[in-house]
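In this note's numbering, the protein residues as written are 6 to 637.
Working notes, beginning with the structure itself.
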Ligand code: ADP
Ligand code: MG
């Protein structure tokens with residue numbers, strides 16, 4: 006056997022996910038089939054950008070110059086459309102890798118999660134990008150002939166597939182560097198065999214492409230009553246960088262199409278901000294917030310979405326230094342006038358200029374989000390649902406903007422029907438007279454938070470409580486101690502001091518209960534021994550007999566569980582057991598000395614379960630419940 010002979014024709018299978026993608030796309034995107042041209046032109050433009058960039062260090066790749074351009078041509082007799090470019094080109098290995106697999110981590114998991122419902126899955130595929138494979142919406146055979154810049158004429162490659170499961174690669178020759186993508190149109194797609202039609206598609210979707218797109222010029226022939234080709238070429242796009250144009254000269258649709266090109270997204274963006282920054286640093290920023298989160302957004306290794314240009318030359322695709330990690334969902338371009346063309350990631354890391362750009366861009370994005378939150382509430386709610394969890398990372402990660410980010414946070418609360426729509430400012434605005442703190446409860450799920458026994462007294466007093474169930478919430482709140490001068494207080498921590506909200510009668514009842522039940526709390530404490538820090542009576546509860554709270558300085562049971570789940574050690578902190586003096590079970594326990602130890606353990610274990618915790622010895626719990634049930 007040995008290595009495959011690169012001089013030979015080889016037939017290879019698509020990666021399983023590519024097959025799935027092809028199938029879904031052809032069936033679900035048919036109504037939007039003209040996007041194939043947008044995708045191919047987008048790739049041709051990327052290929053030209055890549056060549057411009059590589060040629061900075063290796064000018065010989067330009068092979069004596071020649072303008073970089075994209076050409077769209079058609080052959081009515083052969084029923085083909087060809088998109089050509091003289092960009093970077095592909096080697097045989099690159100053709101196999103890039104046109105046969107999807108090289109994104111998590112792709113397999115993503116495809117495994119598809120529902121099988123084509124409508125829904127097509128939406129998901131959209132956020133994944135459709136790209137080269139969209140050719141198969143209109144073509145039953147696609148041929149790619151490509152030669153890598155710097156390779157000799159006879160080292161080109163021909164890639165071909167009918168999109169059903171396999172592709173072939175064979176050696177080929179190509180007179181110049183670059184790529185032709187030749188679409189053999191399916192039967193019934195003849196309307197695409199019109200220059201006029203193709204031109205209108207290009208104007209609609211690809212006008213923003215900075216590289217010129219050329220087509221053969223056609224003129225109207227009166228005698229033939231038809232458009233006929235001339236020998237002349239024409240450029241069908243504006244052929245300049247969209248972000249460098251004047252804002253007033255760019256239409257909303259052009260901004261949206263440009264987004265799809267830079268973000269490799271299929272859907273329109275949610276919002277964007279476009280600015281020319283002058284002064285010490287000169288740069289242009291065109292930054293977008295997508296409408297949908299990509300499937301791997303929570304992965305902190307997720308590729309950043311801002312492309313760096315230096316004086317219109319594309320330098321880097323995912324320049325993570327241009328925005329902080331918690332804004333990694335932002336897409337777009339930053340074009341600097343000051344950085345050197347040969348800037349590397351290492352230089353970016355160190356550069357003070359880049360730091361200034363990052364700070365400026367962060368402020369712009371936060372400003373854009375504030376504007377959404379203020380003026381387009383529905384869009385902000387959508388943003389929050391998609392990216393809120395990522396933005397929350399900024400509370401810990403970006404201390405200089407912490408207050409601005411805190412205002413952008415949204416929570417579910419006991420007043421919001423489970424939707425995360427409540428801002429801290431909303432909460433503060435409707436705080437009760439005499440209420441001094443912002444109250445919150447954390448749990449593993451919203452349902453558990455909403456059902457927490459700790460909320461009982463808050464319901465009774467009609468006080469709003471924020472419900473926190475995101476993994477990052479508790480970590481996040483460790484950085485926000487107050488908002489608008491109001492402390493944030495966990496309802497499950499420490500002595501609940503409702504301050505002025507507890508009326509005098511209640512305070513008296515509380516101390517009376519403490520006194521009256523002292524013999525009981527002492528006995529319960531003795532019975533539970535090492536399992537609790539303390540036992541006391543509470544007015545927190547109305548319906549439940551017991552609850553556990555963490556000591557004022559201690560870590561909550563919820564956070565301790567999260568840390569353990571993440572494989573970290575959590576300091577052992579024992580809970581405080583609180584008992585409801587009004588509850589019939591507590592009253593009964595008081596009268597049942599014989600079974601007191603069982604009652605005490607039961608009330609503790611119940612409280613742990615109600616918090617979403619787990620028991621060390623569940624079978625002992627079941628035995629106790631049964632024993633007490635049996636005694637009636
Ligand atoms: P994306 O553009 O999002 O990377 P595509 O499916 O559109 O995904 O393209 C897949 C890959 O194929 C590209 O990333 C690129 O490496 C390669 N490719 C496609 N078209 C060309 C071309 N005209 N020239 C060079 N490489 C290309
Ligand atoms: Mg593409």
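Beta carbons: idealized from backbone N, C-alpha and C, even for Gly.
Quick caveat, the model's predicted, so the values are computed rather than measured.
* Asked: Where does residue 551 land, buried or exposed, given buried means 16+ other C-beta within 10 angstroms?
  -> buried
* Asked: Would the C-beta of residue 201 count as close to ligand 1, meaning under 6 Å from any of its heavy atoms?
  -> no
* Residue range of the unbroken beta strand (DSSP E) whose run includes residue 239 -> 231-240
* For the beta strand (DSSP E) containing residue 225, list its first residue and its last residue. => 218-226
* **Own chain partners of residue 398 with C-beta closer than 6 Å, once the 5 adjacent residues on each side are dropped** => 331
* Can the beta-carbon of residue 449 be found closer than 7 Å to that of residue 617? -> yes
* **First and last residue of the uninterrupted alpha helix (DSSP H) at residue 210** => 200-211
* Asked: Looking at the structure shown, is residue 117 part of a helix, part of a strand, or coil, going by DSSP?
  -> helix
* Hey, could you find the ends of the alpha helix (DSSP H) residue 524 is sitting in? => 523-533
* Asked: Between the C-alpha atoms of residue 19 and residue 390, what's the straight-line distance to the nearest angstrom?
  -> 35 Å
* Looking at residue 612 and ligand 1, is the gap between the Cβ and the nearest heavy atom below 6 Å? -> no
* Host beta strand (DSSP E) of residue 144 (start-end) -> Start and end: 144-152.
* Opening and closing residue of the beta strand (DSSP E) in which residue 419 lies -> That residue, residue 419, is in no beta strand (DSSP E); it is neither H nor E in DSSP.
* Asked: So the beta strand (DSSP E) residue 623 belongs to, where does it begin and stop?
  -> Looking at the DSSP string, residue 623 is not in any beta strand (DSSP E); the run it does join, the alpha helix (DSSP H), is 623-635.
* **Coarse secondary structure for residue 7, derived from DSSP in three states** => A caution first: residue 7 carries a pLDDT of 45, below 50, which makes its placement in the model too unreliable to give a value.
* To do: Since I believe residue 414 is in contact with residue 338 (beta carbons under 8 Å), could you give me their beta-carbon distance rounded to a whole number of angstroms?
  => Going by Cβ atoms, the distance from residue 338 to residue 414 rounds to 29 Å, so no, they are not a contact pair.
* Asked: Taking residue 426 as the reference, which of 453, 382 and 86 has the closest Cα?
  -> 382
* Give a single yes or no on whether residue 37 has its beta carbon closer than 6 Å to a heavy atom of ligand 2. => no
* **residue 630 versus residue 620: straight-line alpha-carbon distance, rounded** => 14 Å
* To do: Could you tell me which of 333, 521, 375 and 299 sits nearest to residue 111, measuring between CA atoms?
  => 299
* the region 59-69 contacting the region 101-108, beta-carbon criterion three pairs below 8 Å -> Counting C-beta pairs with one atom in each stretch, the region 59-69 and the region 101-108 have fewer than three that are closer than 8 Å, which means they do not touch.
* Would you mind sorting residue 625 into buried or exposed? The rule is 16 or more other CB atoms within 10 Å of its CB. => exposed
* To do: Going by CA-CA distance only, name the one from 513, 598, 202 and 315 that's closest to residue 286.
  => 315
* Check residue 384 in the structure and name its three-state DSSP category. => helix
* Asked: Since residue 337 sits in a beta bridge, which residues does DSSP pair it with?
  -> 292 and 311
* Asked: When you compare only the Cα positions, how much space is there between residue 241 and residue 214?
  -> Taken atom to atom, the span from the alpha-carbon of residue 241 to that of residue 214 is near 10 Å.
* With distances taken from CA atoms, which of 73, 53, 161 and 412 is nearest residue 99? -> 161
* Asked: Sorry if obvious, but does the Cβ on residue 235 come closer than 6 Å to a heavy atom of ligand 1?
  -> no
* Nearest-angstrom Cα separation, counted from residue 274 out to residue 58 -> 27 Å
* Asked: Is the closest heavy atom of ligand 2 to the C-beta of residue 136 under 6 Å?
  -> Taking the Cβ of residue 136 as the reference point, at least one heavy atom of ligand 2 falls within a distance shorter than 6 Å.
* To do: Indicate whether residue 183 and residue 94 have their beta-carbon atoms separated by less than 7 Å.
  => The answer is yes: Cβ separation under 7 Å.
* Asked: Buried or exposed: where does residue 440 fall if 16 or more other Cβ atoms within 10 Å of its Cβ makes it buried?
  -> buried
* Asked: Span of the alpha helix (DSSP H) holding residue 34?
  -> Residue 34 -> no alpha helix (DSSP H), and no H or E assigned at all.
* Tell me whether residue 267 is buried or exposed, calling it buried when 16 or more other Cβ atoms sit within 10 Å of its Cβ. => buried
* Thinking just about the alpha-carbon of each residue, which of 420, 514 and 416 is nearest to the one in residue 477? -> 416
* Asked: Which residue comes first and which comes last in the alpha helix (DSSP H) that contains residue 267?
  -> 257-268
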